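Chemist: Take the position in the sequence shown, starting the count at 1, then add 16; the result is the number in our numbering.
Quick reminder that beta carbons are idealized off the backbone N, C-alpha and C, glycines included.
Computed from a predicted structure; not experimentally measured.
Here you go, one structure.
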Amino acid sequence: MKTFHSTLLSKLVFLSIFLIAAFAFTGCGKSVKRVASDSTIDLSGNWNDTDSRLVAEEMLNDCLTKPWYQNVVNAKNGQVPVVVIGRVRNLSTEHINTSTFINDIQRVLINSGKVDFVANAEERQQLRGEIDSQTSNATDETAKERGQEVGADLMLTGTINSIVDQSGGETVKFYQVDLELTDLQSHRKLWIGNKKIKKHIEKSALKL
């Protein structure tokens, strides 16, 4: 009887080791496939490229349909307004690459054909450095001159905020993006827009 129990115990131990090894081997597997860059994939529930793209498209398309736009065009005798992007601050609880969001904003506005863009403050410093370099090194015919920049009419600024509510295995993430368009001459706010996103994340209780 003792031998039978020992044999049975040995088999159970072997089976347990085999199953653990099988699970471990399966867990180490990796599958990678290419997907469309505009496909919607949300793995963690955090702010991602889809949020950035959709928020930029929705907010800026709304912005360009408001009365301020035609008023500015009329004041400029039919010329489109010139926009510069100011700070878009991440005030959320997670790391968000605001540069990607700013690029999405610029893409929407430029592709609309309704505004012109000028470089932001950081980019202007680089451009001015290049002009200074040309003054000393480029030919007179090709060197660019200081004082020939196009001044912006409007500045777009904004913030990204978030609230996280968590209990047990469930999490609700709320994001709010606020953008403002301000007249640089008068400092009048011409447009204020916001977009809200809420995500419900539920973690499975089963872990292998």
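Extract the residue ranges of the beta strand (DSSP E) inside the segment 110 to 192, only unbroken runs of 3 or more that lie entirely within it.
Modeler: With a minimum length of 3 residues, the continuous beta strand (DSSP E) runs that stay inside the segment 110 to 192 are 170 to 183.
Chemist: By how many angstroms is the C-alpha of residue 176 removed from the C-alpha of residue 142?
Modeler: In the sequence shown, counting from the first residue as 1, residue 142 sits at position 126. In the sequence shown, counting from the first residue as 1, residue 176 sits at position 160. When rounded, the distance between both Cα atoms is 27 Å.
Chemist: Can you look up residue 11 in the DSSP assignment and give me helix, strand or coil?
Modeler: A question about residue 11 goes unanswered here, because the residues of the chain that appear run from 17 up to 224.
Chemist: State yes or no: is the beta carbon of residue 135 nearer than 9 Å to at least one beta carbon in chain C?
Modeler: Chain labels in this structure do not include chain C; a single protein chain is all it has.
Chemist: For residue 77, name the three-state secondary structure that DSSP assigns.
Modeler: For the purposes of this step, residue 77 is identified with residue 61 of the sequence shown, where counting begins at 1. Residue 77: helix per DSSP, three-state reduction.
Chemist: Would you mind working out which of 64, 62 and 76 sits nearest residue 211, comparing C-alpha positions?
Modeler: Taking the first residue of the sequence shown as 1, we reach residue 211 at position 195. Taking only the C-alpha atoms, the option nearest residue 211 is 76.
Chemist: Given this structure, state the Cα-to-Cα distance separating residue 189 from residue 71, to the nearest angstrom.
Modeler: Your numbering for residue 189 matches position 173 in the sequence shown. Your numbering for residue 71 matches position 55 in the sequence shown. Spanning the two alpha carbons is a distance of roughly 16 Å.
Chemist: Give a yes or no on whether the C-beta atoms belonging to residue 167 and residue 125 are separated by under 9 Å.
Modeler: As a position in the sequence shown, residue 167 is number 151, starting the count at 1. As a position in the sequence shown, residue 125 is number 109, starting the count at 1. No, they are not a contact pair.
Chemist: Comparing alpha-carbon positions, which option in 155, 98, 93 and 118 lies nearest residue 65?
Modeler: Along the sequence shown, one-based indexing puts residue 65 at 49. The option with the nearest alpha carbon to residue 65 is 118.
Chemist: Hey, how far is the Cα of residue 130 from the Cα of residue 95?
Modeler: Counting from one through the sequence shown, the residue named residue 130 turns up at place 114. Counting from one through the sequence shown, the residue named residue 95 turns up at place 79. So the two alpha carbons sit approximately 9 Å from each other.
Chemist: Hey, is the segment 145 to 153 in contact with the segment 100 to 115, meaning 3+ C-beta pairs nearer than 8 Å?
Modeler: These segments do not touch.
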